[in-house]
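> Please find one structure pasted underneath; my questions will follow.
Residue numbers (my numbering): 1 to 1121.
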């Protein structure tokens, strides 16, 4: 780099004395000089804008604002068009685009100058006549590049440098294109001017829409000058500045002395809330015009000016100045009223905008690029930091797209859109639209292959967040065009539109992504001091890609089975490669932070993803925060990451919980568990089991891996308010690694009620299950988690004779042992009891009926002797009536016998969706507790009439579910939210199949039945995340019940506002959580977006549940004061 010359500006003649600009630095390039406008952006992420420029000798140089060289590159041929800067690749940092006069185009990494890609446009350039315009033309959230050559060719490239479309026009030399949404459809039209045809408007696909026929065109500029929400087009056409509407209709013209190039700027410099138009022609005549075309003032700047004036408060007087740089060997500085404030001489003509570059302290500097001389930056002494700069660069900013208003426009809605991988096979397109104003939005997703019929997904919603997914397929046997569209509309008004179109060659995107990921991994590995294990993995995966490459390139000639095998292989390979890249990136960040081992708090209900948590940006919080009502048990999770090559063991200890001077030992309140991955019936794994951390509380974390610690925190007996503690982890090393994470426990003043209002049943046949050796522990665990309904299969054994009389003594021994254990904790449902009495006649015989009635009477009397009244049991003669023929008839026969024996005996039934309305009506007089199946009778809208029969019966109504694949069922959706679903429908009980009833060991793949169990066997009972969620749902229901009771009989001190808030919580807010239990689009099992999608849904659900609970705590506290 040439030395800086901190001298006074070459020549400065000032009209306003006392505020003379000072030269801050000059820079002479190693070769050539700068004859284009520089570009401004923060290239290295230090928070300060940097400068990029090209030279006539083909040098590309990046400088900091204090003229320190950041990097340089070189290409053959002079650079006569300004660089452009934008996020072209979607990777970290910005990219710089440069093009030489031969039409060679390079994309460089903004932070290093490293080559990202290069390509060429068809022809050569006219000196300084075009730009590299950047804009999201097709609405896919990615930038495209539009430029043109001197032979009338206009090209559109994507961010990877690939040709999207090419237009061959008759406009002659291509001037700087402008990109703007002229039609309001969310996509950008392309405006091209030239030496033969002044203006051509192209569609986002490069098709000609309209044109002006005659004249020499200057650079078009798009701006909503009259604030009518419809942009206008400003362009020099011959010697007239011409303003057109979006359809090309001329609105007005202003006669200049000569033609215009790119010296056109729009800004409200006088701050009168109406913009001014500043235009200068090639004779040096300058005009300031109103939005309607009236002349405000004019000036003579002596010589031609080719580039846009800049506008900013450069001298610190609080007033915007207009700076004009041109071939008069001077920069002329005007006040908004047209007065010449300063004329700053320069050592040569200037073919660039006087670029306004904020210095390190935010003070605006003015960059000049005189021909055949050093580039220089000067600054007015009184300039202020963070001054307002209305137009700092050529074409407004470094995107160079001539759409000055685009940078400040707020979209009507905020939308996050993921078009999916676009790999062979099934892909998922997802849209998430923020709708804070509650507009009635329609979101529509489309996938179109080769102009065929689209695949569609639509949703209409007023919800604050509207989400939609669409699956689409990329075939393996043919290349083709794929168009993906997303449209957000309110009625007929389109609020947002995004589109992505690509020519898809089967497996080529997979190959490109793999090669890029491997390169990124190699670059990251080079920065790691500890890379053992990762290097070997990278080498292995690189070798695998070398094996795949020939197969991919020859895929077009393959058979269908070849394609399927290759697709499946790549579907396994690419996630492994991405995980390696992201692990390496996380290791690099951790190394930079000073430790390869760290811990973060996590959402306990999201499936633990190991290192993929970092891949998904789920670094977590620094503090374990728990909130609970008095008497509750709530959960938290802590992720521990080991981004090093050594396996490590950590001793985990807890500090006592403190509140003021009070301290309670942590062991009395907190239990530590390790989250363990278990195989599922889907032949994958779920991080579901949570056994207690071993007796030494040692946690082992393998190299390049992560583990999750689960904490159950009990708030029973704690005073309301905030309690603090900590988790400490210390590695078993000679020089231990120590990590501490703070715990904050907020205990809300309201307490759980003494009596649990929600019934919980789960068919836990412990005696014949995997927990048969731990009956006491199983019962204690069930009761702790809210179980108060037990399904019993131990009955009084009896005999009867040919006269229908009971013979011998009734054997109550097994029955009594069961009842004495379980009756103190709730209700017993005696299931399938009818076979416990036997004799010479079958169950449909008259003598059986006679004996059955006598037996029931003796049974009820015996239960009374044991202290069990009618409310302590119910008879459950058949399971799931409606599931098969004859079950309803059997139920009715046995229920009628029970009514005959004792009308006070309660009868229980759990009908399924196949039951008929007629059967339900026939059962009505003989049912006391209804427990309809959730899927079949509550969620299935075709069975609404059946469910209404049950709800309107006036009897107790519970619900239950018995879905399989439970290790993947959502803890918050399937389990916790079932209590909220019961609340929503006014039901008072819930149930799940099953707590422990199976001969399959749930630690392994099921061999006899599906995955159904909620707990695991161990040295006693091992809990699961799902079982903990069931308890939490029961507790939620209890607090809702307390609030309902208060609202029904409000205290005299209750305010209308609090009662209104309480009713909203009991209604709409509770309903919103109930939707999680199978009523929303997110479902309760993983979808096409896999576990990452489940984690996102879990975050959203947990945030909602926490929000409702906090509001519930606040309202309860105020109403109970």
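Beta carbons: idealized from backbone N, C-alpha and C, even for Gly.
Tell me whether residue 677 sits in a helix, a strand or coil according to DSSP, three-state version.
Residue 677: strand per DSSP, three-state reduction.
> Taking the beta strand (DSSP E) that residue 26 belongs to, which residues open and close that run?
That run of the beta strand (DSSP E) goes 22-27.
> Among the residues of its own chain, which have a CB less than 6 Å from the CB of residue 409, if the five just before and after it don't count?
Only weak support exists for where residue 409 lies, its pLDDT of 49 falling under 50; the value from the coordinates is given anyway. Counting only Cβ-Cβ distances below 6 Å, and skipping sequence neighbours, we find nothing.
> So residue 931 is in the beta strand (DSSP E); what residue range does that whole segment cover?
Per DSSP, residue 931 belongs to no beta strand (DSSP E) and is neither H nor E.
> From 174, 85, 88, 142, pick the residue whose C-alpha is nearest to that of residue 103; which is it?
When only C-alpha atoms are compared, the closest one is 174.
> Can you confirm whether the region 672-692 touches the region 615-632 when touching is taken to mean that 3 or more C-beta pairs between the two stretches lie within less than 8 Å?
No, they do not touch.
> Does the separation of the CB atoms of residue 21 and residue 334 fall below 8 Å?
Their beta carbons are not under 8 Å apart, which means residue 21 does not touch residue 334 by this criterion.
> Residue 198 and residue 217 look like a contact to me (Cβ under 8 Å); what is the Cβ gap, rounded to whole Å?
3 Å between Cβ atoms; contact.
> Ignoring anything shorter than 3 residues, give me the beta strand (DSSP E) runs that lie fully in the region 747-775, in order along the chain.
Within the region 747-775, the complete beta strand (DSSP E) runs of at least 3 residues are 759-761.
> DSSP three-state label for residue 658, please.
Three-state DSSP puts residue 658 in a strand.
> Following the continuous beta strand (DSSP E) through residue 167, name the residue where it begins and the one where it ends.
Run containing residue 167: 163-168, per the beta strand (DSSP E) assignment.
> Would you kindly report the start and end of the unbroken alpha helix (DSSP H) that includes residue 1030?
Element bounds for residue 1030: 1025-1048.
> Residues bridged to residue 1137 by DSSP?
Nothing can be reported for residue 1137, as the shown portion of the chain is limited to 1 through 1121.
> Can you tell me whether residue 498 is helix, strand or coil according to DSSP?
Three-state DSSP puts residue 498 in a strand.
> Answer with buried or exposed for residue 395, where buried requires no fewer than 16 other C-beta atoms within 10 angstroms of its C-beta.
It counts as buried.
> From the DSSP output, in three-state form, read off residue 329 for me.
The answer is coil: DSSP assigns residue 329 none of H, G, I, E or B.
> How many angstroms separate the CA atom of residue 294 from the CA atom of residue 267?
For residue 294 and residue 267, the distance between alpha carbons rounds to 15 Å.
> If you count every other CB in all the chains shown that lies within 10 Å of the CB of residue 559, and 16 or more means buried, which is it?
Answer is exposed; the Cβ neighbour count stays below 16.
> What is the residue span of the alpha helix (DSSP H) that residue 1056 lies within?
That run of the alpha helix (DSSP H) goes 1056-1064.
> Go ahead and label residue 500 buried or exposed: buried means 16 or more other beta carbons lie within 10 angstroms of its beta carbon, across all protein chains shown.
By the neighbour-count rule (16 or more Cβ atoms within 10 Å), residue 500 is buried.
> If you follow the alpha helix (DSSP H) that residue 847 is in, where does it begin and where does it stop?
Start and end: 846-865.
> May I ask which residues mark the beginning and end of the beta strand (DSSP E) holding residue 876?
That run of the beta strand (DSSP E) goes 873-876.
> What's the C-alpha gap between residue 593 and residue 587?
Residue 593 and residue 587: Cα-Cα distance of roughly 10 Å.
> Does the Cβ of residue 553 have 16 or more other Cβ atoms within 10 Å, making it buried, or fewer, making it exposed?
Under this definition residue 553 is an exposed residue.
> Pairing CB atoms from the region 746-755 with CB atoms from the region 767-774, are three or more of them under 8 Å?
With a cut-off of 8 Å, the region 767-774 and the region 746-755 do not count as touching, because too few Cβ pairs lie within range.
> For residue 127, count the other beta carbons within 10 Å of its own beta carbon; 16 or more makes it buried, fewer makes it exposed. Which is it?
Answer is exposed; the Cβ neighbour count stays below 16.
> Excluding the five sequence neighbours on either side, which residues of its own chain have a C-beta within less than 8 Å of the C-beta of residue 515, listed in chain order?
Correct list, in chain order: 545.
> If you check the beta carbons only, do residue 313 and residue 387 fall under 8 Å apart?
Contact: yes.
> Does DSSP classify residue 285 as helix, strand or coil?
Residue 285: strand per DSSP, three-state reduction.
> How many Å lie between residue 329 and residue 187 at the Cα?
If you take the alpha carbons of residue 329 and residue 187, they lie about 41 Å apart.
> Over what stretch of residues does the beta strand (DSSP E) that includes residue 99 continue unbroken?
Its beta strand (DSSP E) spans residues 95-99.
> Indicate the three-state DSSP secondary structure (helix, strand or coil) for residue 187 in the structure shown.
Correct three-state label for residue 187: coil.
> Report the rounded CA-to-CA distance for residue 1108 versus residue 607, giving the unit in angstroms.
One C-alpha to the other measures close to 22 Å.
> By how many angstroms is the C-alpha of residue 162 removed from the C-alpha of residue 991?
If you take the alpha carbons of residue 991 and residue 162, they lie about 57 Å apart.
> Mark residue 536 as exposed unless 16 or more other C-beta atoms lie within 10 angstroms of its C-beta, in which case mark it buried.
With fewer than 16 other Cβ atoms within 10 Å, it is exposed.
> For the region 666-723, list the beta strand (DSSP E) runs that are entirely contained and at least 3 residues long, ordered along the chain.
Taking only runs of at least 3 residues, the beta strand (DSSP E) segments lying wholly in the region 666-723 are 670-674, 676-679, 685-689, 698-701, 705-714.
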